[in-house]
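Participant:
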Ligand code: SF4
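Residue numbers (the working numbering): 1208 to 1661.
What follows is the structure, given as structure tokens:
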């Protein structure tokens, strides 16, 4: 549903049926990273994958700065930089690409999957990387699997890079009729191991037939997909991947996303019911982790309760996070910005949108900043480009991208997730206290603050 927020009555804001949730659609200037950013966490997850971006110096620069320290290790990503003659169509870019790939494979026998990643420049000159991937797969058959997806920043946001990558993996996966439960989304290994243990100890994995994760840690472990595959999404931005799985006959298990105690429990219960598992065994399995998570949360809830939260459209995690912050941490959510809204993927989350919050899909950054300044929330979750100017204007911010880089799923991370929101508020209080002390006390020798810590 779209429409003006001005038309939305208070009564409408408090209804819980998804169809009634006020959503305003905006378009205009956007402030987000492009899909290449996903390579930073995808290359860590898929241990024998290599990501070859076919792009410009800007793409190479973005990757290096996003990946930071990792440039010191033998990297598993690189940029084939297109020269002016490629862009002008004077050189055969395919021939050069073949040469670069041959050299790379010779030097790096550890590569099991090679992703050719499209970018704005490769899209602009309409370089057909899909066909290039097919050609190279045939050429290097038995040695490496070559796949392709686009991380282009044209009209996409940074988590769509992972979605495009996993969609390609699904489309390239082998068929199977074996019954299985698949967990979809790149999770840090430690989180994957925790969820695997819960699904195994509760009997859900056995009831499902088997348990697989996509992406797998190695090319050889990539699961086959078929009509007896039931799948749970672990990330709320995997819309194209969900459609690709359904296209292969797999069955989506709708669930809340596993953020916080409520989200993780609902996610496991959905899996349990879908495979005919035993809810009592599940309840016994999760009792201790739930208690641990509640104890960890209790530590941060006092600092968060009643604080007003505003989420700019960025990571696509905004709606599930708003639910967690309101339900389990007592925050008052005002605006939830989302780059785009897929009502199927988020169907159950939309039923739990916090009261008083409204959703804005898309972005017109100037209009959004005007509303933000009028509201003056206690905490704003936003992209890196907006965080510093907003901090300079006295607003407290949290970098959205950190929520994607940090392990935040599941019971054991519930406290860490709350802390990510509590920390900038604590920093703000300390700085405000410092300012107050400065105006009332004599000058001191203190010269540093914790400004840099998000
Ligand atoms: Fe920039 Fe596009 Fe390259 Fe991303 S893909 S770094 S938006 S040129």
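Virtual Cβ for every residue (Gly too), placed ideally from N, Cα, C.
Can you tell me whether DSSP reads residue 1465 as helix, strand or coil?
Facilitator: Reduced to three states, the DSSP call for residue 1465 is coil.
Participant: Using only the heavy atoms of the ligand SF4, determine whether one of them is closer than 7 Å to the beta carbon of residue 1265.
Facilitator: Answer for residue 1265: yes, Cβ within range of the ligand SF4.
Participant: Please work out which residues of its chain come closer than 8 Å, Cβ to Cβ, to residue 1632, disregarding the five sequence neighbours upstream and downstream, and give them in chain order.
Facilitator: Around residue 1632: 1510, 1511, 1514, 1585, 1586, 1603.
Participant: Among the residues of its own chain, which have a CB less than 6 Å from the CB of residue 1444, if the five just before and after it don't count?
Facilitator: For residue 1444, where only same-chain residues beyond five positions count, the Cβ hits under 6 Å are 1366, 1370, 1523.
Participant: Considering only the alpha carbon of each residue, which of 1415, 1623, 1619 lies closest to residue 1400?
Facilitator: Per the Cα distances, 1619.
Participant: Among 1635, 1255, 1232, which has the Cα closest to the Cα of residue 1428?
Facilitator: When each option's Cα is compared against that of residue 1428, the closest is 1255.
Participant: Rounded to a whole number of angstroms, what is the C-alpha to C-alpha distance between residue 1422 and residue 1581?
Facilitator: Roughly 43 Å separates the two Cα atoms.
Participant: Quick one: any contact between the segment 1541 to 1557 and the segment 1480 to 1497, if contact means 3 or more CB pairs under 8 Å?
Facilitator: The segment 1541 to 1557 vs the segment 1480 to 1497: no contact.
Participant: Mind checking which residues open and close the alpha helix (DSSP H) that includes residue 1444?
Facilitator: No alpha helix (DSSP H) contains residue 1444, which DSSP labels as neither H nor E.
Participant: Does the beta carbon of residue 1372 fall short of 7 Å from some heavy atom of the ligand SF4?
Facilitator: Residue 1372: no, Cβ never under 7 Å from the ligand SF4.
Participant: Alpha carbon to alpha carbon, what distance is there between residue 1456 and residue 1379?
Facilitator: Cα-Cα distance, rounded: 14 Å.
Participant: Using the three-state DSSP reduction, which class does residue 1589 fall into: helix, strand or coil?
Facilitator: Three-state result, residue 1589: strand.
Participant: Buried or exposed: where does residue 1332 fall if 16 or more other Cβ atoms within 10 Å of its Cβ makes it buried?
Facilitator: Residue 1332 should be labelled exposed.
Participant: Going by beta-carbon coordinates alone, are residue 1674 and residue 1337 separated by less than 8 Å?
Facilitator: Missing from the structure shown is residue 1674; the chain here goes from 1208 to 1661 and no further.
Participant: Secondary structure at residue 1570, three-state DSSP: helix, strand or coil?
Facilitator: Strand.
Participant: Beta-carbon separation of residue 1609 and residue 1507 under 8 Å?
Facilitator: Their beta carbons are not under 8 Å apart, which means residue 1609 does not touch residue 1507 by this criterion.
Participant: Measure from the alpha carbon of residue 1454 to the alpha carbon of each residue in 1531, 1412, 1375, then state which is nearest.
Facilitator: Minimum Cα distance to residue 1454 is reached at 1375.
Participant: Would you say the beta carbon of residue 1249 comes nearer than 7 Å to a heavy atom of the ligand SF4?
Facilitator: The answer is no for residue 1249.
Participant: Specify whether the segment 1304 to 1312 and the segment 1242 to 1262 touch according to this definition: at least 3 beta carbon pairs, one from each stretch, less than 8 Å apart.
Facilitator: A contact exists between the segment 1304 to 1312 and the segment 1242 to 1262.
Participant: Please report the Cβ distance between residue 1301 and residue 1340, rounded to the nearest whole angstrom; I am assuming they are in contact, meaning their Cβ atoms lie under 8 Å.
Facilitator: Not really, about 11 Å apart at Cβ, beyond 8 Å.
Participant: First and last residue of the alpha helix (DSSP H) that includes residue 1325?
Facilitator: Careful: residue 1325 lies outside any alpha helix (DSSP H), inside the beta strand (DSSP E) at 1320 to 1325.
Participant: Is residue 1458 helix, strand or coil by DSSP?
Facilitator: Residue state, collapsed to three classes: strand.
Participant: Ends of the beta strand (DSSP E) at residue 1387?
Facilitator: It spans 1387 to 1391 - the beta strand (DSSP E) in which residue 1387 sits, taken as one unbroken run.
Participant: Can you pull the DSSP bridge partners for residue 1605?
Facilitator: According to DSSP, which records beta bridges pairwise, residue 1605 is partnered with 1588.
Participant: Tell me whether residue 1269 counts as near the ligand SF4, meaning its Cβ is closer than 7 Å to at least one heavy atom of that ligand.
Facilitator: Yes, the beta carbon of residue 1269 sits closer than 7 Å to at least one heavy atom of the ligand SF4.
Participant: Tell me whether residue 1557 is buried or exposed, calling it buried when 16 or more other Cβ atoms sit within 10 Å of its Cβ.
Facilitator: The residue is buried, with at least 16 neighbouring Cβ atoms inside 10 Å.
Participant: Cβ of residue 1442 within 8 Å of Cβ of residue 1419?
Facilitator: No, Cβ-Cβ distance for residue 1442 and residue 1419 is not below 8 Å.
Participant: Under 6 Å Cβ to Cβ from residue 1395, same chain only, skipping five residues before and after it: list those, please.
Facilitator: Cβ neighbours of residue 1395 beyond the five flanking positions: 1614.
Participant: Can you tell me whether DSSP reads residue 1257 as helix, strand or coil?
Facilitator: Three-state DSSP puts residue 1257 in a strand.
Participant: With H, G and I counted as helix, E and B as strand and the rest as coil, what does DSSP make of residue 1365?
Facilitator: In the structure shown, residue 1365 sits in coil (DSSP, three-state: anything other than H, G, I, E or B).
Participant: Considering just the uninterrupted stretch of the beta strand (DSSP E) at residue 1269, what are its terminal residues?
Facilitator: No beta strand (DSSP E) contains residue 1269, which is instead part of the alpha helix (DSSP H) from 1264 to 1274.
Participant: Considering only heavy atoms of the ligand SF4, does any lie closer than 7 Å to the CB of residue 1243?
Facilitator: Yes, since a heavy atom of the ligand SF4 falls inside the 7 Å radius drawn around the Cβ of residue 1243.
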